[in-house]
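Encoded as structure tokens, the structure appears first; notes follow it.
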Amino acid sequence: MKSILGIGNALTDILAVLPDDTLLKKYNLPPGSMQHVDAPTGNKIWADLKQIGVQYVAGGSAANTISTTAILGMPSTFIGKVGDDELGSLFHAAQKQNGIRSIMLKGIAASGRAMVFITAPNADRTFATYLGAALELEPEDLKPEYFEGYEYDYLHLEGYLVQNQRLFRRAVEMGKAHHMTISMDMASYN
Numbered sequence: 212m213k214s215i216l217g218i219g220n221a222l223t224d225i226l227a228v229l230p231d232d233t234l235l236k237k238y239n240l241p242p243g244s245m246q247h248v249d250a251p252t253g254n255k256i257w258a259d260l261k262q263i264g265v266q267y268v269a270g271g272s273a274a275n276t277i278s279t280t281a282i283l284g285m286p287s288t289f290i291g292k293v294g295d296d297e298l299g300s301l302f303h304a305a306q307k308q309n310g311i312r313s314i315m316l317k318g319i320a321a322s323g324r325a326m327v328f329i330t331a332p333n334a335d336r337t338f339a340t341y342l343g344a345a346l347e348l349e350p351e352d353l354k355p356e357y358f359e360g361y362e363y364d365y366l367h368l369e370g371y372l373v374q375n376q377r378l379f380r381r382a383v384e385m386g387k388a389h390h391m392t393i394s395m396d397m398a399s400y401n
């Protein structure tokens, strides 16, 4: 059976359904956009969302792809970096529950999170994303043993990783050295 290895941002989606765009305005988030936020802003938004009620789901574009392949029965592995915290543990547990061989490296920063605002009446989705420890994934983190012994057919890379060209190049080089077909998602417009 074919198998796949994915590398990307290990993020936990924090989903909140809002009655209107008041909270979006508070944080200057254009409806329907995806904005990166720093740690202090991310913490303030998360605190506001907790008061509303939220749902936590393991996310990140490459991780979502790998979750889908695992659920469909393909042997699947994911490499990412999380903080040593509750969201990192939640992300890792969700991957294991989906049958993913999860290589979760520990970073210094808090785990990354994508706070997703779903606003009425049109169910528009707006993202405020704090990447946190996911940004700490470095080329040196990709160890040869992660690629060896599993005979992966595919390597799937998150499009957002292009911003870290050294990491992206190392992943591609390692994939090619192991004769893997390489794919990547297209990320977001901003």
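Residue numbers (the working numbering): 212 to 401.
C-beta atoms are modelled at their ideal positions from N, C-alpha and C, and glycine is treated no differently.
#1: Answer with buried or exposed for Gly386, where buried requires no fewer than 16 other C-beta atoms within 10 angstroms of its C-beta.
#2: Three Cβ pairs or more, each shorter than 8 Å: is that satisfied between the segment 239-252 and the segment 302-314?
#3: Please list, in chain order, all residues of the same chain as Ala325 whose beta carbon is under 6 Å from its beta carbon, the five residues on each side excluded.
#4: Is the beta carbon of Asp364 sitting closer than 9 Å to the one on Ser272?
#5: Quick one: what does DSSP say Tyr211 is sitting in, helix, strand or coil?
#6: So, at 7 Å on beta carbons, what are the nonlocal neighbours of Tyr357 in its own chain, with the 5 sequence-adjacent residues on each side left out?
#7: I'd like the span of the beta strand (DSSP E) that includes Asp335, first residue to last.
Judging by the given coordinates:
#1: buried
#2: no
#3: Leu222, Asp224, Gly270, Phe338, Thr340
#4: no
#5: No answer is possible for residue 211: it lies beyond the span of the chain, which begins at 212 and ends at 401.
#6: Ile290, Ile314
#7: 335-341
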